[in-house]
Amino acid sequence: MIVAHETGQADEITTVRSVVGRTIVNPDVVEDSPVGRIPVLALDDGIVLTGSFAICDYLDSRHNGRKLIPPRGESRWRELELHGVTDGTLDILLNWRYEKTKPEAQRWRAFCESSAAKVKHSLAWLDRRAGDFRDEDYGIGQITSGIVLDYLDFRFPEIDWRDSNPNLRHWHKIFSARPSSKATEIVDDEQG
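Numbering (numbering that gives the first Met the number 0), first residue to last: 0 to 191.
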């Protein structure tokens with residue numbers, strides 16, 4: 000939805016809040032996405048896109064402004080490098096979150112420890128890279144970076160990423176102030 004807002008297409012999309020989970024099969028979601036993942040974008044011609052990157056790539060192809068996923072050259076590879084690290088970090092966080100929902104005696108301790116180490120390394124890498132953000136075009140990599148930091152705040156408040164990552168701390172304030180970020184803030188469905 001951040002990409003939809005950034006590219007001026009948010010008003011063209013009808014959104015439906017859906018709940019999915021590792022142990023839940025949502026019949027409404029699997030009708031369009033057999034793997035049961037969200038987000039899903041059902042197009043008017045019957046094609047259904049599953050997964051954030053596919054949806055963002057589609058939306059990016061539909062506008063005439065500067066592309067959030069550069070079509071070619073070094074800028075494309077730098078953008079995909081950043082997106083790859085941040086998307087991978089988000090995958091680690093989602094799996095770690097699932098593990099943390101188990102009773103403590105049933106948690107896979109080695110997995111939780113390795114997840115914590117990987118997230119710490121990813122944040123350090125991202126902090127170094129964030130120093131270049133002001134010189135780079137805003138794109139899918141920075142969008143995914145902001146989403147990772149928002150998810151950390153939402154699901155892992157015990158991880159104080161701001162103290163040890165000053166470039167990210169500064170950049171996240173800029174990211175959070177963007178209209179597209181404000182329009183897509185995380186809603187905690189579990190809190191009512």
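C-beta: ideal position from N, C-alpha, C; glycine also.
In this text, all values refer to a predicted model and were calculated from it rather than measured experimentally.
query, result
"Apply the 10 Å Cβ neighbour rule to ILE46 and answer buried if 16 or more other Cβ atoms are within range, or exposed otherwise.", "exposed"
"What distance in whole Å lies between the Cβ atoms of ILE68 and GLY138, which are believed to be in contact at a cut-off of 8 Å?", "6 Å"
"How many angstroms separate the CA atom of ASP159 from the CA atom of PHE110?", "20 Å"
"For GLY83 and ARG75, I'd like the C-alpha separation in whole angstroms.", "12 Å"
"For GLY191, collect the residues of the same chain with a Cβ closer than 7 Å to its Cβ; drop the 5 residues on either side in sequence, then sort them by chain order.", "Any reading at GLY191 needs caution, since the residue's pLDDT is 42, under 50, leaving its predicted position unreliable; the model's value is listed next. Counting only Cβ-Cβ distances below 7 Å, and skipping sequence neighbours, we find nothing."
"At which residues does the beta strand (DSSP E) containing THR49 begin and terminate?", "47–49"
"Who are the near neighbours of ALA104 in its chain, counting only those whose CB is closer than 8 Å to its CB and skipping five residues on each side?", "none"
"Please look up how many angstroms separate the CB atoms of ASP136 and LEU167, rounded, as I've assumed it's under 8 Å.", "Between LEU167 and ASP136 the Cβ distance is about 18 Å, and since that is not below 8 Å, they are no contact."
"Check VAL39 in the structure and name its three-state DSSP category.", "strand"
"Using C-beta distances below 8 Å, list every residue in its chain close to LEU92, excluding the 5 sequence neighbours before and after it, in chain order.", "SER114, VAL118, VAL147, TYR150, LEU151, ARG154, PHE155"
"Go ahead and label ILE1 buried or exposed: buried means 16 or more other beta carbons lie within 10 angstroms of its beta carbon, across all protein chains shown.", "buried"
"When you compare the CB positions of THR6 and HIS62, do they come within less than 9 Å of one another, or not?", "yes"
"Do you know whose CA, among LEU81, TRP107, GLY35, lies nearest TRP124's CA?", "LEU81"
"Do you know whose CA, among ILE173, TRP95, VAL29, lies nearest ARG133's CA?", "ILE173"
"Per DSSP, GLY20 is paired with what?", "ILE23"
"Do PRO178 and HIS4 have their C-beta atoms closer together than 9 Å?", "yes"
"Please report how far the alpha carbon of SER193 lies from the alpha carbon of LYS66, in whole angstroms.", "An answer regarding residue 193 cannot be provided, because it is not within the stretch 0 to 191 covered by the chain."
"For ARG36, which option in ASP43, ALA53, ASP44 has the closest C-alpha, if you only look at C-alpha atoms?", "ALA53"
"Could you check where the alpha helix (DSSP H) with SER114 kicks off and where it finishes?", "108–129"
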